[in-house]
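Using our numbering, you'd call the opening residue of the sequence shown number -3 and step up by one each time. C-beta: ideal position from N, C-alpha, C; glycine also. These notes are about the structure you will find just below.
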Amino acid sequence: MAKLLIIGQIPPPIGGVTEHVRRLMQNLRRTGFPSDFCDPGKASLASILFKIATHRTIHIHFSNPGTQALFAAFCRLTFKKLIITYHGRWGRYGALGNWAVKLSAYLAHVPIVQERASLLQALNCNARARQISTYIPDADILPLPARLQAAIASRRNDYQATFCTNAWNVTFDKNGQETYGISEMIARFADYPEYQLLVSDPSGNYRLYIEKHAWHIPNNLLFISQLHDFKSILLLSDAFIRNTTTDGGSLSIHEARELGIPVLASAAVERPPFCSVFQDFSKADLKEKLEEARRLITLPGTTYDAVGELIKLYQEIA
């Protein structure tokens, strides 16, 4: 019987969770760690059930609280050791969803969270809870299509600074606010015609949403609504903005740090010390925040091996 089964999606669609799973599997294969993988979006039900039946330890990467709780109960009843990685901050759902998260953490063998506030809550449900970052570095950078690369490079000449942000799709938090805060950013950049904002929107859905609901899209905004490597957009930017109402271990923030790109981030969760943090983007002074972010990005970095931490966990369980 194989030791470890990882269940989750890999790109497409592009997103922080799917990219984490892709990089995790890639690194496990590189290190030769014995593991198997199942993508529930692509595998048949029979294949999924067979793989679950033939593995002792299962590590899941899906975010629906009800599905997490049901799967955790199933694994407890069938004597499987379940690891759940919670990719978002605890408390981001409504009452029922938050209760399901706590139930799944209680039933799981090891719940994994992304930041200290979530860890304190998880430890109340399960003493084996861990805080392990979902950021796994990837040195590969896919170039942009030549026409897009040239268009962005040309636009940069028209502005004092180029900011970028990303949104994997149009989503809303439990209070009905845009999770990625793109509308708020568009409104704020209308007051800064000397700066431009690049919006990485590979789904194309955010552009459609804004065109439907916004009165006007300023000239200093550019949607990039095709599949692309966001790191290539970071390299064409002077700063990255993470204006989310909730978050986990943001992949993009750490990728920006790796590339030396200054980061502005909302105070939705505890942010790394190299981020220039704002409370309300609609009131943020972009010039001051950019200068602060440029200073902070020069702080000495720390090396963290998330894959190594996970492998140690897998070995402990085995």
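Check whether the Cβ of GLY28 sits closer than 8 Å to any heavy atom of the ligand SAH, and report yes or no.
Questions concerning the ligand SAH fall outside what the structure shown contains, since it holds no ligand whatsoever.
Output the distance between the C-alpha atoms of HIS51 and ILE229, rounded to the nearest integer angstrom.
If I take the Cα positions, the gap works out to 40 Å.
Supposed close pair ARG85, THR242 - CB separation, criterion 8 Å
With a beta-carbon spacing of about 5 Å, ARG85 and THR242 fall inside the 8 Å limit used to define contacts.
By Cβ distance, which residues of its chain are closer than 6 Å to GLN96, with the 5 residues on each side in sequence left out?
According to the sequence displayed, residue 96 carries Ala and not Gln. For ALA96, where only same-chain residues beyond five positions count, the Cβ hits under 6 Å are PRO61, GLY62 and ALA65.
Taking the C-alpha atoms as reference points, what is the distance between ASP134 and GLU312?
Taking the CA atoms as reference points, ASP134 sits about 26 Å from GLU312.
So ALA280 and VAL259 are supposed to be a Cβ contact under 8 Å. How far apart are they, rounded?
In this structure ALA280 is not in contact with VAL259, their Cβ atoms being roughly 13 Å apart against a cut-off of 8 Å.
What number of angstroms, rounded off, separates the C-alpha of LEU41 from the C-alpha of SER262?
Each residue's Cα considered, the two are about 40 Å apart.
Inter-residue spacing [alpha-carbon to alpha-carbon] between GLN110 and ARG18
Approximately 18 Å, taken between the alpha carbons.
Can you tell me the Cα-Cα spacing of ILE142 and PHE168, whole angstroms?
A quick correction: the sequence has Ala, not Ile, at residue 142. Take the alpha-carbon of ALA142 and the one of PHE168: they are about 34 Å apart.
Are PRO36 and PHE58 close, meaning C-beta to C-beta below 9 Å?
By the CB criterion at 9 Å, PRO36 and PHE58 fall inside the cutoff.
Considering only the beta carbon of each residue, do TYR310 and LYS(-1) sit closer than 9 Å?
Cβ atoms of TYR310 and LYS(-1): closer than 9 Å.
Using the C-alpha atoms, what's the distance from ILE80 back to ASN162?
Approximately 26 Å between the Cα atoms of the pair.
So, for LEU116: in the same chain, excluding its five sequence neighbours on each side, which residues have a beta-carbon less than 8 Å away from its beta-carbon?
Around LEU116: no qualifying Cβ.
Around the Cβ of ARG291, are there at least 16 other Cβ atoms within 10 angstroms (buried) or fewer (exposed)?
The residue in question, ARG291, is exposed, as its Cβ has fewer than 16 Cβ neighbours within 10 Å.
Supposed contact pair ILE10 and LEU223 - C-beta distance, whole angstroms, cut 8 Å:
Going by Cβ atoms, the distance from LEU223 to ILE10 rounds to 7 Å, so yes, they are a contact pair.
Could you tell me whether the Cβ atoms of ILE108 and HIS16 are closer together than 9 Å?
Remark: C-beta atoms of ILE108 and HIS16 do not approach each other more closely than 9 Å.
So ALA261 is in the beta strand (DSSP E); what residue range does that whole segment cover?
259 to 262 is the span of the beta strand (DSSP E), which, as asked, contains ALA261.
Taking just the CA atoms, how far does THR299 sit from ALA113?
Taking the straight line joining both Cα atoms gives about 22 Å.
Reduced DSSP category for SER272 - H, G, I as helix; E, B as strand; rest coil
Strand at SER272.
According to the neighbour-count rule (16 or more other Cβ atoms, all chains shown, within 10 Å of its Cβ), is GLY172 buried or exposed?
Counting C-beta atoms within 10 angstroms of its own C-beta, GLY172 has fewer than 16 neighbours from the protein chains shown and is therefore classed as exposed.
Separation of LEU247 from GLY12, as counted between CA atoms:
Distance between the alpha carbons of GLY12 and LEU247: 6 Å.
If you count every other CB in all the chains shown that lies within 10 Å of the CB of HIS212, and 16 or more means buried, which is it?
Classification for HIS212: exposed.
Taking the alpha carbon of PHE159 as the point to measure from, which residue in ASP301, GLY28, LEU286 and LEU24 has its own alpha carbon closest?
If we check each option's Cα against that of PHE159, LEU286 comes out closest.
Own chain, CB closer than 7 Å to GLY87, minus 5 neighbours either side, in chain order
Cβ neighbours of GLY87 beyond the five flanking positions: ASN94.
Checking the sheet assignment: what are the DSSP bridge partners for PRO107?
In DSSP, PRO107 forms a bridge with ILE80.
Nearest-angstrom Cα distance between GLU322 and PRO268?
Examination of residue 322 is not possible in this model, given that the chain is present from -3 through 314 alone.
Output the distance between the C-alpha atoms of ALA252 and LEU73, rounded to the nearest integer angstrom.
Spanning the two alpha carbons is a distance of roughly 43 Å.
Nearest to GLN145 by CA position, among VAL265, PHE226, THR53 and ASN239, is which residue?
When C-alpha distances from GLN145 are compared across VAL265, PHE226, THR53 and ASN239, the shortest belongs to PHE226.
Drop a sphere of 10 angstroms on the beta-carbon of GLN156, count the other beta-carbons inside from all chains shown, and report buried for 16 or more, exposed for fewer.
That one is exposed.
Whose CA, out of PHE46, VAL303 and HIS83, lies closest to the CA of THR14?
Nearest C-alpha to THR14: HIS83.
Taking Cβ to Cβ, would you say ASN153 is nearer than 9 Å to PRO189?
No.
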